[in-house]
Amino acid sequence: MGVSNTDSDKTQEEEQQDLPKVVLFRPPAAFSLIDEESFTSNKFHFLKTYDSQLPVDQFLSTHSHSIKAILSSAGAPVNADILQLLPEVGLVVTTSAGLNHIDIPECRRRGIKIANAGHVYSDDVADLAVGLLIDVLRKVSASDRYVRQGLWADKGNYPLGSKLRGKRTGIVGLGNIGYEVAKRLEAFGCFVSYNSRKKKPYVSYPFYHNVCELAANCDVLIICCGLSDETRHMINKQVLSALGKEGVIVNIGRGNIIDEKEMVSCLMRGEIAGAGLDVFENEPDVPKEFFAMDNVVLSPHRAVFTPESLKDLSQLVVGNLEAFLSNKPLLSEYVDKK
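Mapping of the sequence shown onto full-length UniProt numbering: position 215 corresponds to residue 215, and the numbering continues sequentially without gaps.
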């Protein structure tokens, strides 16, 4: 006698119940941008707190002994209160390169490993950083609007943009992404220098301990560092003033690294020349003052997302979870910086 569809479904459900559980607190952006199936595996099963009517703490307590890992994304903090409810968790995997939403000291205290997106996004973010810079300097978006509005025929030629080659470009945060930005700008004939937590022995670019000093010696400042207590509002009035009236700032890091109110004021008063921004302090709310500025180019926090990088991300996330559950080395384990 054949097996009915109902019996087959029950068997599949029972098989999933026996698998180690990976908990999610909110759907990662990647789930809606590509096929969620790309993140599934026959080695583990997702538990989604957002699909349950139970309060999160009650949901976690109910499943605590079967949850072995957390799949995290920005906007869903993994803090001490959460980890306290999950004594069996040994791994936090995040779909982002940044880790500011994860309590790293608490994870270390509990012996929990962390894996992030590693190098998956580096090329795409670096490409957009350079794209934003070129757009601001050569007025690509602004001149596009000028043509579309029929102003070319009515008002004549649009004001000239500025050359990229020869620009003194300062990179704040020479990690994976910052280094890719530096290589691209070097190929364009820019003079690259940088500020980072410490000097990098593998590059010959001039190093500045102080970000304000870096800004004073650059035409362009590109923010590539992560967000932390130390970097929050690191780009303040003093740094923007040091960058000067001809200076351009590009941010593909995190919105809170720049004091956004000060940046808006500087742009309105002509104290800096322009900005290319993929990130903002209160996303998705963007200061309305930007909308009237032709010297500002805006992007809706999409630097990391291309179909290619999302496919690579799904393979990395699944690979990390399967490696952990098989007692094998992680593919992109985060190691504390010394």
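All C-beta atoms, glycine included, are put in the ideal place defined by N, C-alpha and C.
Just so it is clear, the structure is predicted and the values come from calculations on it, not from any experiment.
- Taking every protein chain shown into account, the CB of leucine 86 has 16 or more other CB atoms within 10 angstroms, so this residue is buried.
- Distance between serine 309 and aspartate 154, taken at the CA atoms: about 43 Å.
- Secondary structure note for tyrosine 194: its beta strand (DSSP E) is the uninterrupted segment 191-195.
- Ranking Leu164, Lys183 and Ala292 by CA distance to the CA of aspartate 135 puts Leu164 first.
- If you look at lysine 311, you'll find it in the alpha helix (DSSP H) that goes 307-325.
- Residue environment for phenylalanine 25: buried (at least 16 other C-beta atoms within 10 angstroms of its C-beta).
- Across the set Ala182, Tyr334 and Val248, the C-alpha of Ala182 shows the shortest separation from the C-alpha of leucine 174.
- Between isoleucine 177 and valine 220, the C-beta spacing is not below 8 Å.
- In the three-state reduction of the DSSP assignment, valine 181 falls in the helix class.
- Counted as a single uninterrupted DSSP element, the beta strand (DSSP E) harbouring histidine 45 occupies residues 45-48.
- In this structure, DSSP gives serine 38 a helical state, which the three-state scheme calls helix.
- By the C-beta density criterion, lysine 139 is buried, having at least 16 other C-beta atoms within 10 angstroms.
- In this structure tyrosine 208 is in contact with serine 193, their Cβ atoms being roughly 6 Å apart against a cut-off of 8 Å.
- Residue Val23 holds the alpha-carbon nearest to the alpha-carbon of proline 77 among Val23, Phe290 and Ala275.
- In the DSSP assignment, threonine 62 falls within the alpha helix (DSSP H) that extends over 56-63.
- The three-state reading of DSSP puts arginine 168 in strand, counting E and B together.
- Under the criterion of beta carbons closer than 8 Å, valine 317 and leucine 83 do not qualify as touching, at roughly 20 Å.
- Counting only residues of its own chain and dropping the five nearest sequence neighbours on each side, asparagine 320 has a CB closer than 6 Å to the CB of Val93, Ala115, Leu330 and Leu331.
- The three-state secondary structure of lysine 21, taken from DSSP, is strand.
- Excluding sequence positions up to five before and after lysine 200, its CB lies within less than 6 Å of the CB of Leu174, all in the same chain and listed in chain order.
- Burial state of alanine 292 is exposed, judged by a 10 Å Cβ sphere holding fewer than 16 other Cβ atoms.
- For threonine 95, the number of other beta carbons within 10 angstroms of its own is at least 16, and it is reported as buried.
- Here asparagine 79 has Asp103 as same chain residues with Cβ atoms under 6 Å from its own Cβ, once five neighbours each way along the sequence are excluded.
- In the structure shown, valine 304 adopts coil according to DSSP, grouped into three states.
- Taking 8 Å as the cut-off, the beta carbon of serine 73 is found closer than this to the beta carbon of alanine 29.
- Taking asparagine 327 as reference, the option from Gly90, Asp144, Pro307 and Asp35 with the minimal CA-CA separation is Gly90.
- Closest in alpha carbon position to glutamate 213, among Gly226, Gly189, Asp144 and Thr169, is Thr169.
- Runs of the alpha helix (DSSP H) lying entirely within the region 71-151, each at least 4 residues long, are 80-84, 104-109, 122-138 and 140-148 in chain order.
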